[in-house]
DNA sequence: CGCCATATTGAGACAATGTATCAGAAAAGC
DNA sequence: GCTTTTCTGATACATTGTCTCAATATGGCG
Ligand SMILES: [Mn+2]
Ligand SMILES: [Mn+2]
Ligand SMILES: [Zn+2]
Ligand SMILES: [Zn+2]
């Protein structure tokens with residue numbers, strides 16, 4: 008991006024991320040990363056096009072970048088019945104969300120009992136487990152009671 | 008379908024399936040069902056269009072029917088990294104994945120112990136839980152030992 | 001710094017996929 | 001059979017996804 012010389016906090020972090028994965032650090036990739044990483048429940052690619060194309064990020068670039076991030080496991084795709092494919096940032100450690108399929112409210116929750124499962128998996132496969140991503144879907148009480 | 012009066016074995020089974028789910032049993036639905044149920048790894052919708060449209064099944068019907076089957080949990084959608092969404096006949100349990108961050112190999116595993124967690128969540132939040140998505144990340148033994 | 005080799009980008013044309021509408025056909029239930 | 005309700009396919013349209021290539025930015029190196 009021509010003429011950008013300012014150093015922001017985010018750029019520093021993202022540059023390190025790129026270095027760690029051996030890919031060139033471009034402003035477009037940072038913008039795409041910020042867009043998807045910002046919201047825990049993720050976005051669809053068309054969402055990103057709608058939001059970022061007006062900022063001058065090309066459509067092809069968005070598709071290419073998401074594909075790249077997915078290949079590097081920086082983003083992961085999630086799809087539930089009746090939904091479109093969303094891409095959410097893979098963060099090391101735990102991430103748990105409870106999502107209402109009707110009103111789309113997101114409830115975060117802390118405790119999960121996957122430590123045992125991870126231990127079992129580790130023993131069986133020899134993997135060193137680093138983290139996991141869990142989304143639980145359902146219908147919230149308001150939506151179940153009221154309309155919709 | 009005009010002029011079809013023959014009774015085939017499959018029609019009988021599928022008719023029962025439809026009756027059990029309270030939907031009208033049409034020849035188009037049977038064809039779509041056979042197409043997806045036939046192969047364990049499933050198909051994409053465009054696959055089905057390519058295969059079934061020449062047989063006179065309309066494109067809209069295929070989309071509508073897959074959507075219906077998914078809603079009735081006769082088909083379920085699957086999507087792995089870099090793949091398109093495929094629809095497979097609902098048979099057994101969940102498809103949880105264990106992914107190596109280094110070599111990207113994917114190990115599927117069957118058992119997860121989320122029923123208890125879901126029950127707890129349901130009690131605490133009032134949500135009616137419908138499903139979940141779980142990915143576990145780590146490093147496989149080969150990658151931990153050898154290079155990469 | 002500036003230069004160069006290389007990789008990335010955006011525009012635009014194009015292809016594929018997905019959606020809405022509606023008149024005609026078929027299924028279900030007498 | 002006959003009626004009511006639902007489903008279906010054609011068509012037109014909208015959205016999403018892919019490809020190519022000249023212009024540009026990046027990273028590495030004097
Ligand atoms: Mn956890
Ligand atoms: Mn499960
Ligand atoms: Zn809700
Ligand atoms: Zn590995």
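Protein chains in written order, with our numbering: chain S, 8 to 155; chain E, 8 to 155.
In this text, a Cβ means the ideal position worked out from N, Cα and C, and glycines have one as well.
- Residue pairing by DSSP places residue 136/E opposite 145/S in a beta bridge.
- Non-local C-beta neighbours of residue 113/E in its own chain, meaning closer than 6 Å and more than five positions away in sequence, comprise 104, 106, ordered along the chain.
- At least one CB of chain S lies nearer than 7 Å to the CB of residue 148/E.
- Rounded to the nearest whole angstrom, the CA to CA distance from residue 33/S to residue 58/S is 18 Å.
- Beta-carbon to beta-carbon, residue 133/E and residue 147/S are separated by about 7 Å, close enough to satisfy the 8 Å threshold.
- The beta-bridge partner set that DSSP reports for residue 93/S consists of 85/S.
- Neighbours of residue 116/E across chain S, judged by C-beta separation under 7 Å: 128.
- For residue 117/S, there is no enclosing alpha helix (DSSP H), as DSSP gives it neither H nor E.
- DSSP places residue 58/S inside the alpha helix (DSSP H), whose first and last residues are 52-59.
- Straight-line spacing of the CA atoms in residue 35/E and residue 49/E works out to 18 Å.
- When secondary structure is reduced to three states using DSSP, residue 68/S falls in the helix class.
- Identification of residues in the stretch 68-88 of chain E having a C-beta nearer than 9 Å to some C-beta of chain S yields 74, 77, 78, 80, 83, 84, 85, 86, 87, 88, given in sequence order.
- Bridge pairing for residue 24/E: absent [DSSP].
- Annotation: residue 142/E to residue 45/E spans about 28 Å, alpha carbon to alpha carbon.
- If you compare the alpha carbons of 144/S, 136/S, 124/S with that of residue 150/E, the shortest gap goes to 136/S.
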